[in-house]
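Taking the working numbering, I'd label the letters of the sequence shown as residues 3 to 297.
Heads up, the beta-carbon is just placed ideally off N, CA and C, and yes, glycines get one too.
Okay, structure first, notes after.
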Amino acid sequence: MKRTLNIARAVLALAMVLIAGHGYAQSSLDLRINEVLVINDSNYVDTYGRRNGWIEIFNTAYNTVDIGGMYLTDDPANPTKYWIPKGDPITSIAPRNYVLFFADSMPTRGIQHLNFKLKEGGSLALFESNGRTMIDAVKLGPQKPDVSYGRLEDGGVEWGFLEKTTPGANNFTGVIVTAGEKFGAMDPFGVGMAVIAMSVVFFALILLYVVFKNTKKIYSIDLRKLFSKPEVEVEAPKPAGEEISGEVNAAIALALHMYVNALHDHEETVLTIKKVARTYSPWSSKIYGLRNVPR
C-alpha cells in the first residue's frame, strides 16, 4: 500500500512538471516580432532623444508573458547575440500589448537598447531562453526611410510596409468595422434580425415544452425497482417420466418384490388338534377357584 502511494505521488509530480513546462512553452511561443523600422531619419526617438532603428514585440496571448531571459539577434549563426535581462518590469508584456527595443548598438543605455543595428537585406530573430528554439524570425529586404515593415494586423501572417509607423500601438490604422455594423449593412430593415429573434424564442419554447412533458415520466420512475436486484428463477427438476431406463425399472421392481415377501414368515398349512383329558368344559368348573386346605 505504501509503495503504491509513493508511485502515485511520483506520477502526479511528473504530470505537474510536464503541465508547467507545456504552459511556459505556450506562453513564450505567443510572442511575435510585429513591426520593424530599419531607417529612422525623422521618426520615433528613444528616451535619449536619438533616432535609431527599433523593433516591436507583440504578445498575442491573453495572459502576461515575460520576455526576460530570451534572445534577440540579427545573425542566425549567433542566436544568443543579445540576452534580454530578467527581473525588470519592462520585460513583462501585458496581454495583447507591446514592448520596444532600439537597435542602436548601445546596450549600456538600458535593457531596451540592443548590441546590434538593423540593416537592409538582413534578418531578425527571437530565440527561446535555451538559445536553440526559434520563436519568430523575419527577413528584411530593401527598406524605405521612416516607413516601418510589419504585420498588416497585429500577430497576423501577412507582412508589408505600413501606411503609418505605430510603435507600441495597433498596426492596423484603418476604420474598424464592428460585427454590428456589418450586420446592419447586410440587413438595413431589420428583417433578418426579427426572424433570428423569433426563431430563438420559438426554439426555446419548444425545448421547454419537451422538457416539461417528460418531467412526469422522470418522476414516475420507481427507483426501488430500478436499483433492486433481479430475482433469479430456479427451474424445478423435470419429472423422470420416460427418461428412466429399463434397468432402473427392473431394479425397483425387484426391490419391491423382496420387501413384500420379507414381511411374513413362511407358514405351514397343516392344522394339528390335541385332545384334552377332560371331557367337560373347564370354564364353568369351580374346583380351580377353591383354596387348598393345608395338611
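Which residues does DSSP pair with D106 in a beta bridge? Per DSSP, K119.
Kindly list the residues whose CB is nearer than 7 Å to the CB of W85, restricted to its own chain and excluding five residues on each side of it in sequence; keep chain order. Y73.
V112 vs T49 beta-carbon contact at 9 Å: Before going further, note that residue 112 is Gly rather than Val in the sequence given. Going by C-beta atoms, G112 is nearer than 9 Å to T49.
Starting from L256, follow its DSSP beta bridges and name the residues at the other end. Under the DSSP definition of a beta bridge, L256 lacks any partner.
Between the stretch 123-137 and the stretch 198-215, can you find at least three pairs of beta-carbon atoms closer than 8 Å? no
In three-state terms, what does DSSP make of G158? coil
How many angstroms separate the CA atom of V295 from the CA atom of T274? For V295 and T274, the distance between alpha carbons rounds to 39 Å.
Quickly, what does DSSP pair N331 with across the bridge? List them, please. Residue 331 falls outside the range modelled here, since the chain spans only 3 to 297, and no answer is possible.
T217: first and last residue of the uninterrupted alpha helix (DSSP H) it sits in: 193-221
Pairwise C-alpha distance: G186 and N45: 40 Å
Rounded C-alpha distance that separates F129 from K141: 15 Å
Am I right that N80 and D148 are in contact with their C-beta atoms under 8 Å? What's the rounded C-beta distance? That belief does not hold up - the Cβ atoms of N80 and D148 are roughly 29 Å apart, past 8 Å.
Expressed to the nearest angstrom, what Euclidean distance is found between the alpha-carbon atoms of F60 and K215? 54 Å
Go ahead and label S30 buried or exposed: buried means 16 or more other beta carbons lie within 10 angstroms of its beta carbon, across all protein chains shown. buried
Short of 6 Å in beta carbon distance, which residues of its chain neighbour F174, apart from the five on each side in sequence? Order them along the chain. Within the same chain, F174 has close Cβ partners E155.
Have a look at the DSSP bridge pairing and note the partners of V140. L126
So is S222 buried or exposed if we call it buried at 16+ other beta carbons inside 10 Å? exposed
Starting from V67, follow its DSSP beta bridges and name the residues at the other end. I95
Pairwise C-alpha distance: V67 and P91: 11 Å
Give me the DSSP bridge partner(s) of Y73. When beta bridges are read from the DSSP output, Y73 appears opposite W85, F129.
For F185, the three-state DSSP class (helix, strand or coil): helix
Suppose the cutoff is 8 Å on Cβ atoms and the five residues either side in sequence are ignored; what does the same chain contact list for W56 look like? V38, L39, N42, Y46, D48, L102, F103, F104, A105, P169
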